[in-house]
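Undergrad: Those sequence lines, one after another, are chains A and B.
Taking the working numbering, the leading residue of the first sequence gets 762, the next gets one more, and so forth.
Taking the working numbering, the leading residue of the second sequence gets 762, the next gets one more, and so forth.
Virtual Cβ for every residue (Gly too), placed ideally from N, Cα, C.
2 protein chains.
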Amino acid sequence: MQGNRYASLSGFGLDFQVNMTYLKVEFEESRMANVNLIRRAEIGREKRVRTRAQLVEAAKALFAGRAVESVTVDDVVQEAGVAKGTFYTHFDSLEALTAAVAEELVQSFDELLQPGRTAIAEPALRIAFGCRAFIDKAFNDARWAAVAARMSAANPQSGENIRRHLLDDLQHLSGEPASAELKLEIVVGIMIHMLRVLGEGRLSSFDPDAVVSAILRAIGLSPQQAGSVLKHLLAAAGMEKSLQTTAS
Amino acid sequence: MQGNRYASLSGFGLDFQVNMTYLKVEFEESRMANVNLIRRAEIGREKRVRTRAQLVEAAKALFAGRAVESVTVDDVVQEAGVAKGTFYTHFDSLEALTAAVAEELVQSFDELLQPGRTAIAEPALRIAFGCRAFIDKAFNDARWAAVAARMSAANPQSGENIRRHLLDDLQHLSGEPASAELKLEIVVGIMIHMLRVLGEGRLSSFDPDAVVSAILRAIGLSPQQAGSVLKHLLAAAGMEKSLQTTAS
DNA sequence: AGTCATTTCGAACATCTAGTCAATATGAGA
DNA sequence: TCTCATATTGACTAGATGTTCGAAATGACT
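1. Just to confirm before moving on: does the CB-CB distance between B:Ile896 and B:Lys944 stay below 8 angstroms?
2. Closer than 9 angstroms, Cβ to any Cβ of chain B: which residues of the stretch 938 to 955 of chain A, in chain order?
3. Please list the partners that B:Leu964 has in chain A, where partner means a Cβ-to-Cβ separation under 8 angstroms.
4. How about A:Ser831: is its C-beta nearer than 8 angstroms to some C-beta of chain B?
5. Between B:Arg904 and the rest of its own chain, which residues show a CB-CB distance below 6 angstroms, the 5 nearest in sequence each way excluded?
6. Measuring from the CB of B:Ala941, is there a heavy atom of the ligand HEM at a distance below 7 angstroms?
7. Are the stretch 857 to 868 of chain B and the stretch 812 to 828 of chain B in contact at 8 angstroms, needing three or more beta carbon pairs?
8. Where does A:Ile804 land, buried or exposed, given buried means 16+ other C-beta within 10 angstroms?
9. Roughly how many whole angstroms lie between the Cα atoms of B:Leu931 and B:Ser913?
10. Assuming B:Ser974 is part of the alpha helix (DSSP H), what are its boundary residues?
11. Over the uninterrupted alpha helix (DSSP H) stretch that includes B:Thr833, give me the two end residues.
12. How many angstroms separate the CA atom of A:Glu787 from the CA atom of A:Leu798?
13. What residue range does the alpha helix (DSSP H) around A:Asp871 cover?
14. Have a look at B:Arg893, B:His993, B:Glu946, B:Phe900 and flag the residue whose alpha-carbon is nearest the alpha-carbon of B:Glu921.
15. Do A:Gly950 and A:Ala907 have their CB atoms nearer than 8 angstroms?
16. Between which residues of its own chain and A:Lys898 is the CB-CB distance below 7 angstroms, once the five residues before and five after are set aside?
17. Give me, in chain order, the residues of the same chain whose beta-carbon lies closer than 8 angstroms to that of A:Ser869; leave out the 5 immediate sequence neighbours on both sides.
18. Could you check whether the Cβ of B:Asp726 sits closer than 8 angstroms to any Cβ belonging to chain A?
19. Roughly how many angstroms separate the alpha carbons of B:Leu928 and B:Leu816, rounded to a whole number?
20. Taking beta-carbon pairs under 9 angstroms, can you tell me which members of the stretch 803 to 823 of chain A lie near chain B?
21. So with CB distances below 7 angstroms, who are the chain B contacts of A:Arg978?
22. Starting from B:Glu883, follow the alpha helix (DSSP H) in both directions and report where the run begins and ends.
23. Kindly indicate if chain A contains any beta-carbon less than 8 angstroms away from that of B:Pro876.
24. Using DSSP with H/G/I as helix, E/B as strand and the rest coil, what is A:Arg811?
25. Which bits of chain A does B:Ser983 rub up against, with CB to CB less than 7 angstroms?
26. Does any CB atom of chain B fall closer than 8 angstroms to the CB of A:Ala975?
27. In the stretch 903 to 926 of chain B, which residues sit with their C-beta less than 8 angstroms from some C-beta in chain A, listed in chain order?
28. Using DSSP with H/G/I as helix, E/B as strand and the rest coil, what is A:Phe824?
29. Taking 8 angstroms as the threshold (beta carbon to beta carbon), is A:Ala828 in contact with chain B?
30. Counting along the chain, where does the alpha helix (DSSP H) carrying B:Leu927 start and finish?
31. By Cβ distance, which residues of its chain are closer than 6 angstroms to B:Lys992, with the 5 residues on each side in sequence left out?
32. Rounded C-beta distance between A:Leu982 and A:Val990? I'm assuming under 8 angstroms.
33. Hey, how far is the Cα of B:Ala975 from the Cα of B:Ala889?
34. If you compare alpha carbons, which of A:Ala998, A:Ser935, A:Val832 is closest to A:Pro884?
35. Could you pull the start and end residues of the alpha helix (DSSP H) that B:Gly846 belongs to?
36. Cβ closer than 7 angstroms: which chain A residues qualify as neighbours of B:Ala844?
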């Protein structure tokens, strides 16, 4: 019998074979179900994560180059190198993909701005830090800047968190030559335009400090105050850098 | 013979009639051609102008509400209330229609800014005047603002003239805390964002003077200088208004 | 080498969109 | 009322785009 996986039953008016392997599988169903299904799901999930990331990456590559509204599903799947049907196993629509890109951006915003929010108490310095971090990121990663600029046009509400924090800081600013709401829009306007400019790579020479200084003056600080805030900001950055150097 | 419009010629192996009316028309061809064709063309041109304006108007209405890139020919002809074929007798493509809208915008820019360019010599005051005129227009015509904002995103090169003039003024500004190119982008960023904000009708209360003041401070004027320029600007505006009142 | 839960694939279908063109409408003048 | 140069019309074609779904591929495990 050994070595033969098949058992024969006959004499009941029936004649059939039973694959013993199947019988065994059926017998061990509960263990197999637990082990196999969990592992299988894990494997699948890993594959899904990779493909999904490809799609998001493709969307970012496309959004960096042209209007969000002009990108099609075909564009995305071609850029990602996957089949069309695959897109729809990950996203219901282009809108959902765009939302995913927006979410990644918002997360990168938070990573950029959170340090300053926890470490700095003075409103003007917090604003300066945030703007500086934003501008540095845009300066060092033109594609990020381009995508952020395009998303800000197509999906303005996704920056609502930043706006809220910034408005809060502006309201705690001393002096009241203009409403905090207006100052907010002025700062946001400058920042978004810097995203566009840096994203397109124009502006031969670029001085981040000059931008921060302009923003501070625009929201009501005197040139002297702006200079002072900028000095503190640079000192903090230098300290951070020397700490990093010391640590490494 | 009289009363018979037909002349008969026979005896030459031929037999045919000539319609004298046709002969007369042919005889008077040059006069008819001049009178009829010129008038006919004029009538046609008037009709064309109206229909073309409808199409441009429809495009503006659509551009005010959503991204230029998302508007289709079908959208335009439906909004304009004309047939699809009509679109193509006026424009080669959507791009051509968009260019027409851009041209109208550029013309409105010039009408807005030309007075200040000829009447004002001082760079800071020229800049302030231009910004103020722009902002007032956006404030009083939200749809204009929305269209201009959308076009600035889709068709950035159409504002090149304004940018050139503005850069020129910025380069003649005294004091050099930052490059004129950077100041240009800061001013443009604020202006475009104001177009967006006013085009969407958010910003409950709005103070145009505060925006101009913020711009002047952002490009390097001290609060005192900015205040002085603003005072001159308002004085000039008041004078103009009183002149208008006197004239009327 | 065989199994199979899961993902991926791409052909197929429906809809949308750009662009064309023969037919029709317009309207001032005869 | 009739004419006719011109503008307008809208059905039509071809191709782009969105969406679905059964078939094929994947890959860890036995």
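TA: On the basis of the supplied data:
1. no
2. Pro938, Ala939, Ser940, Glu942, Leu943, Lys944, Glu946, Ile947, Val949, Gly950, Ile951, Met952, Ile953, His954, Met955
3. Glu942, Leu943, Glu946
4. With its beta carbon less than 8 angstroms from one in chain B, A:Ser831 belongs to the interface.
5. Ala825
6. For the ligand HEM, the structure offers nothing, since it holds no ligand at all.
7. yes
8. Classification for A:Ile804: exposed.
9. C-alpha of B:Leu931 to C-alpha of B:Ser913: approximately 21 angstroms in a straight line.
10. 969 to 979
11. Element bounds for B:Thr833: n/a, residue is neither H nor E.
12. Low local confidence applies: a pLDDT of 39 at A:Glu787 is under 50, so the model's placement there is unreliable, with the coordinate-based value given in what follows. So the two alpha carbons sit approximately 15 angstroms from each other.
13. Counting along the chain, the alpha helix (DSSP H) containing A:Asp871 begins and ends at 855 to 880.
14. B:Glu946
15. no
16. The answer, listed in chain order, is Leu873, Trp905.
17. Lys898, Trp905
18. Only positions 762 to 1009 of chain B appear in this structure, which leaves residue 726 of chain B out of reach.
19. 34 angstroms
20. none
21. Arg978, Ala979
22. From DSSP, B:Glu883 is part of no alpha helix (DSSP H); its letter is neither H nor E.
23. no
24. helix
25. Pro984
26. yes
27. For the stretch 903 to 926 of chain B, which is checked against every Cβ of chain A, the residues closer than 8 angstroms are Ala914, Ala915.
28. helix
29. True, the Cβ-Cβ gap to chain B drops below 8 angstroms.
30. 921 to 932
31. none
32. Distance from A:Leu982 to A:Val990 at the Cβ level is roughly 7 angstroms; contact confirmed, criterion being Cβ atoms closer than 8 angstroms.
33. 10 angstroms
34. A:Ser935
35. 845 to 851
36. Residues of chain A passing the Cβ test: none, with the nearest at roughly 26 angstroms.
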